[in-house]
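Residue numbers (the numbering used here): 8 to 182.
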Ligand SMILES: Cc1cc2nc3c(=O)[nH]c(=O)nc-3n(C[C@H](O)[C@H](O)[C@H](O)COP(=O)(O)O)c2cc1C
């Protein structure tokens with residue numbers, strides 16, 4: 008686990024080695040094991056492989072399209088609106104409103120990224136994409152919000168780790 012956390016990188020160069028549907032299912036199973044608000048499990052996945060992968064790549068801005076050029080799989084993650092952060096009667100439970108819906112999705116995406124490292128795969132989370140085109144292509148209903156597109160493939164490179172803020176800049180300890 009620690010190895011996967013340390014070695015995960017955003018991969019922007021992939022080999023053309025294929026990734027199987029079984030491997031993608033393994034990643035999505037890992038995603039499903041993540042916790043969520045009252046186990047509401049808000050995330051949904053639209054997996055593009057083969058011709059569909061090429062079609063979805065056209066729905067990325069050119070820099071993202073170039074970066075994921077050989078990645079054989081693109082996964083669009085969405086959330087079902089109004090699932091996490093709510094009480095049973097539909098009112099919001101906390102000051103974050105529906106924020107936990109995206110929080111829950113993020114936990115799932117990170118599980119995918121870490122499981123991918125364990126499987127020798129690399130990933131790139133992309134927050135920039137052509138939302139309307141992706142929605143139309145997969146016929147994603149208005150009840151779902153598109154969150155990110157994830158590229159999955161075999162890394163051609165292992166980039167240097169990007170710098171992180173020091174703990175004393177981000178953590179407060181009170182004793
Ligand atoms: C919500 C989110 C959106 C991102 N969107 C993009 C993107 O559109 N294109 C891209 O190249 N990287 C994107 N990234 C990757 C970040 O740039 C990257 O995680 C960060 O620079 C740290 O590098 P590392 O992931 O290698 O540790 C995104 C990451 C997150 C978490």
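Where a beta carbon is used, it is the ideal one built from N, C-alpha and C, also for glycine.
- Task: For the stretch 110-125 and the stretch 54-64, state whether three or more C-beta atom pairs, one from each stretch, are separated by less than 8 Å.
- Result: no
- Message: Let me confirm a value: residue 14 is counted as buried when at least 16 other C-beta atoms fall within 10 Å, else exposed. Which label applies?
- Response: Position 7 of the chain shown, counting from 1, holds the residue named residue 14. Exposed: under 16 other Cβ atoms inside 10 Å.
- Query: Does DSSP put residue 51 in a helix, in a strand, or in coil?
  - Reply: As a working mapping, residue 51 is identified with position 44 in the chain shown. Strand.
- Query: Taking 7 Å as the cut-off, does the CB of residue 17 come closer than this to any heavy atom belonging to ligand 1?
  - Reply: Counted from its first residue, the chain shown places residue 17 at position 10. Yes; taking the cut-off as 7 Å, the Cβ of residue 17 has a heavy atom of ligand 1 nearer than that.
- Counting Cβ pairs closer than 8 Å, one from the stretch 128-139 and one from the stretch 71-78, do we hit at least three? With the cut-off at 8 Å, the stretch 128-139 and the stretch 71-78 touch.
- Query: Got a sec? Which residues, its chain only, sit under 7 Å from residue 103 by beta carbon, not counting five neighbours each side?
  - Reply: Indexing the chain shown from 1 puts residue 103 at position 96. Cβ neighbours of residue 103 beyond the five flanking positions: 92.
- Check whether the Cβ of residue 51 lies closer than 7 Å to any heavy atom of ligand 1, and answer yes or no. Translated into the one-based positions of the chain shown, residue 51 becomes position 44. False, no ligand heavy atom lies under 7 Å from that Cβ.
- Message: Which residues does DSSP list as the beta-bridge partners of residue 25?
- Response: Mapped onto the chain shown, residue 25 falls at position 18. None, per the DSSP bridge assignment.
- Message: Our contact map puts residue 130 next to residue 112 with C-beta atoms below 8 Å; I'd like the distance itself, whole angstroms only.
- Response: Residue mapping note: residue 130 aligns to position 123 of the chain shown, counting from 1. Residue mapping note: residue 112 aligns to position 105 of the chain shown, counting from 1. Between residue 112 and residue 130 the Cβ distance is about 15 Å, and since that is not below 8 Å, they are no contact.
- Which of helix, strand or coil DSSP assigns to residue 139: For the purposes of this step, residue 139 is identified with residue 132 of the chain shown, where counting begins at 1. Residue 139: helix per DSSP, three-state reduction.
- Item | Helix, strand or coil at residue 82 according to DSSP, with G and I counted as helix | On the chain shown, position 75 is the one that residue 82 refers to. Three-state result, residue 82: strand.
- Query: Would you say the beta carbon of residue 71 comes nearer than 7 Å to a heavy atom of ligand 1?
  - Reply: Here the question's residue 71 lines up with position 64 in the chain shown. Answer for residue 71: yes, Cβ within range of ligand 1.
- Query: So is residue 149 buried or exposed if we call it buried at 16+ other beta carbons inside 10 Å?
  - Reply: As a position in the chain shown, residue 149 is number 142, starting the count at 1. Under this definition residue 149 is an exposed residue.
- Query: Nearest-angstrom Cα distance between residue 18 and residue 165?
  - Reply: In the chain shown, counting from the first residue as 1, residue 18 sits at position 11. In the chain shown, counting from the first residue as 1, residue 165 sits at position 158. Roughly 7 Å between the two C-alpha positions.
- Task: Below 6 Å CB to CB, which residues in the same chain sit around residue 145 once its five sequence neighbours on both sides are set aside?
- Result: Taking the chain shown and counting its residues from 1, one reaches residue 145 at position 138. In its chain, beyond the 5 residues on either side, 53 have a beta carbon closer than 6 Å to the beta carbon of residue 145.
- Query: In terms of alpha-carbon separation, which member of 66, 56, 126 and 44 lies closest to residue 110?
  - Reply: Here the question's residue 110 lines up with position 103 in the chain shown. Residue 44 holds the alpha-carbon nearest to the alpha-carbon of residue 110 among 66, 56, 126 and 44.
- Query: What does residue 17 pair with, by DSSP beta-bridge criteria?
  - Reply: Taking the first residue of the chain shown as position 1, residue 17 is located at position 10. Looking at the DSSP assignment, residue 17 forms a beta bridge with 130.
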